[in-house]
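Input: a single structure, listed below in structure tokens.
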Amino acid sequence: MKILVYGINYSPELTGIGKYTGEMVAWMAREGHEVRVITAPPYYPQWKGR
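Be aware that the sequence shown starts at 0, since it is given in numbering that gives the first Met the number 0, and climbs by one per residue.
Shown next as structure tokens:
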């Protein structure tokens, strides 16, 4: 089956829906599905390097 996952958070997020979605997509791919993901780039302005 071809599956498209569309969401704002995705791996390598360590918590919340990003972690769950990444694990779910990995599982679907292992099961033989063709999975593609459309997501936003990570944005954490408070974590900028100095």
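Quick reminder that beta carbons are idealized off the backbone N, C-alpha and C, glycines included.
Q) Under the DSSP definition of a beta bridge, which residues are partnered with Arg-50? A) The structure shown does not extend to residue 50, since the chain is modelled only from 0 through 49, so no value can be given for it.
**Q.** Contacting residues, own chain, Cβ-Cβ under 7 Å from Ile-7 (five flanking each side not counted)
**A.** Thr-38 and Ala-39
Q: Using alpha carbons as the reference points, say which of Ile-16, Gly-15, Gln-45 and Gly-21 lies closest to Val-36.
A: Gly-21
Q: Within 10 angstroms of the Cβ of Tyr-43, are there 16 or more other Cβ atoms? Answer buried if so, exposed if not.
A: exposed
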